[in-house]
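All remarks here apply to the structure that follows.
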Amino acid sequence: RKIAENSNAVETRKNEVNLYTLRERINQLYFGILTIDEQLKQLDMLDENLQSSFKMVKALLQNGAGTQSDADAVEVEILNTEQKKTELKSSRKAYLEMLSAMINQRITEETVLSRPVEKFIDFQSVINRPEINLFASQRNLFNSQESMIIAKNRPKLSLFLQGGYGKPGLNMLSNEFDFFGIGGVRLSWNFGNLYTKSNEKKLIDNNIGLINTQEETFRFNTNLQLLQVRNEVYKAKELLDKDDEIIALRSRIKSASESKYENGVYTINDLIKDINAENQSRQAKILHEIQYLLSIYQYNYISGY
Numbered sequence: 335r336k337i338a339e340n341s342n343a344v345e346t347r348k349n350e351v352n353l354y355t356l357r358e359r360i361n362q363l364y365f366g367i368l369t370i371d372e373q374l375k376q377l378d379m380l381d382e383n384l385q386s387s388f389k390m391v392k393a394l395l396q397n398g399a400g401t402q403s404d405a406d407a408v409e410v411e412i413l414n415t416e417q418k419k420t421e422l423k424s425s426r427k428a429y430l431e432m433l434s435a436m437i438n439q440r441i442t443e444e445t446v447l448s449r450p451v452e453k454f455i456d457f458q459s460v461i462n463r464p465e466i467n468l469f470a471s472q473r474n475l476f477n478s479q480e481s482m483i484i485a486k487n488r489p490k491l492s493l494f495l496q497g498g499y500g501k502p503g504l505n506m507l508s509n510e511f512d513f514f515g516i517g518g519v520r521l522s523w524n525f526g527n528l529y530t531k532s533n534e535k536k537l538i539d540n541n542i543g544l545i546n547t548q549e550e551t552f553r554f555n556t557n558l559q560l561l562q563v564r565n566e567v568y569k570a571k572e573l574l575d576k577d578d579e580i581i582a583l584r585s586r587i588k589s590a591s592e593s594k595y596e597n598g599v600y601t602i603n604d605l606i607k608d609i610n611a612e613n614q615s616r617q618a619k620i621l622h623e624i625q626y627l628l629s630i631y632q633y634n635y636i637s638g639y
């Protein structure tokens with residue numbers, strides 16, 4: 335009975351481990367979609383900047399101070415931006431379909447995913463993964479198998495009682511109906527199992543040792559992963575601290591570039607370069623924000639919280 339219970343517990347723990355591994359894939363998809371959403375927003379801002387520059391170039395062209403090639407250069411950047419949007423929207427659709435399949439809920443392209451809150455990280459927490467429970471259940475199963483080996487090699491003492499009513503009863507010479515009963519003690523011992531007892535116990539001990547080794551290896555590798563992700567959290571946080579300052583400087587440079595171009599001391603290529611540089615700095619901040627949140631959730635996933 336204990337072997338059956340522990341076998342069922344092992345299968346249950348295996349299912350828990352398999353389901354738990356889906357969390358990481360779901361996290362990657364979810365944060366991937368968030369990254370794409372933010373990138374699309376920044377591309378919209380870039381498109382607005384390029385459209386504004388395109389209007390400025392057109393106005394200069396009408397006044398005889400600009401050239402058609404400048405207008406064409408800006409229009410090319412606008413078309414490139416539209417292409418990037420198309421690529422990102424296609425990726426977003428694919429990610430949504432995969433996420434929908436994993437969580438078994440219908441998600442449309444109009445679905446808006448909220449950004450998760452910044453969770454608390456306990457860097458001193460112990461590993462609380464379902465794999466730990468699986469190792470414990472496997473050990474319990476082998477221990478119950480060992481108990482059965484011990485039990486089947488022991489002598490068995492049993493009591494028995496048999497009764498009835500018949501003709502004749504215990505007195506075979508009597509021709510009358512009578513009650514009768516027989517009781518006793520039975521002792522049995524199967525010596526054949528003693529020949530395999532030692533090998534069976536060694537096999538179970540080896541299996542338990544293998545489980546212990548697997549658990550030690552799992553804990554070691556998990557701690558290495560936690561160390562790596564913890565450094566990712568610190569790195570993303572440090573990068574975020576500088577992003578706003580970089581964006582502010584890039585915006586000032588872009589504004590100055592627009593003024594220089596209007597005054598004829600800057601080329602359109604230089605202006606486009608500064609506009610793209612500002613956009614790239616905003617994109618970098620997005621990636622750092624998402625990476626920071628993802629690292630936090632990844633750390634909690636690896637540690638089991």
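For the sequence shown, the working numbering gives the first residue as 335, with consecutive numbering after it. Even for Gly, the Cβ is constructed at its ideal location relative to N, Cα and C.
Is DSSP giving residue i helix, strand or coil here?
i, result
"Arg449", "coil"
"Leu574", "helix"
"Arg520", "strand"
"Lys418", "helix"
"Tyr600", "coil"
"Gly366", "helix"
"Leu507", "coil"
"Gln458", "coil"
"Tyr639", "coil"
"Gln496", "strand"
"Gly515", "strand"
"Lys501", "coil"
Could you tell me which of the options sits nearest to residue i, measuring between CA atoms?
i, options, result
"Ala393", "Arg347, Leu422, Glu596, Glu339", "Glu596"
"Thr530", "Asn487, Asn509, Tyr600", "Asn487"
"Val339", "Ala435, Arg440, Ser478", "Just to set this straight, residue 339 is Glu in the shown sequence, not Val. Minimum Cα distance to Glu339 is reached at Ser478."
"Leu368", "Ile624, Ile545, Ile636, Tyr639", "Ile624"
"Lys607", "Phe552, Ser585, Tyr635, Pro502", "Ser585"
"Tyr633", "Glu452, Glu382, Ile412", "Glu452"
"Leu573", "Asn397, Ser615, Asn462, Phe494", "Ser615"
"Leu605", "Leu380, Ser387, Asp456, Phe514", "Ser387"
"Lys348", "Leu521, Leu447, Gln472, Ser591", "Gln472"
"Val391", "Ile602, Ala485, Tyr626, Asn613", "Ile602"
"Gly517", "Ser424, Leu495, Glu510", "Leu495"
"Ser470", "Glu372, Ile542, Gly638, Val563", "Note that residue 470 is Ala in the sequence shown here, rather than Ser. With distances taken between Cα atoms, Ala470 lies closest to Ile542."
"Phe476", "Val460, Lys535, Glu444", "Lys535"
"Tyr631", "Thr547, Asn462, Pro450, Ser459", "Pro450"
Within 10 angstroms of the Cβ of residue i, are there 16 or more other Cβ atoms? Answer buried if so, exposed if not.
i, result
"Asp378", "exposed"
"Glu421", "exposed"
"Ile609", "buried"
"Lys588", "buried"
"Thr415", "buried"
"Asn613", "buried"
"Ser384", "Note that residue 384 corresponds to Leu in the displayed sequence, not to Ser. Counting Cβ neighbours within 10 Å, Leu384 comes out buried, since at least 16 surround it."
"Val599", "exposed"
"Ala590", "exposed"
"Ser629", "buried"
Determine the direct distance from the alpha carbon of residue j to that of residue i, and round the result to whole angstroms.
i, j, result
"Lys375", "Val446", "13 Å"
"Glu592", "Gln396", "18 Å"
"Thr556", "Ile636", "7 Å"
"Glu411", "Gln548", "55 Å"
"Ser424", "Lys418", "10 Å"
"Met436", "Glu480", "40 Å"
"Val351", "Pro489", "41 Å"
"Ile484", "Arg335", "15 Å"
Three CB pairs or more closer than 8 Å across the region 427 to 435 and the region 359 to 368: yes
Sufficient close CB pairs (3 or more, under 8 Å) joining the region 576 to 584 to the region 609 to 620: yes
Across the region 453 to 470 and the region 539 to 558, are there enough close Cβ pairs to call them in contact, namely three or more that are closer than 8 Å? yes
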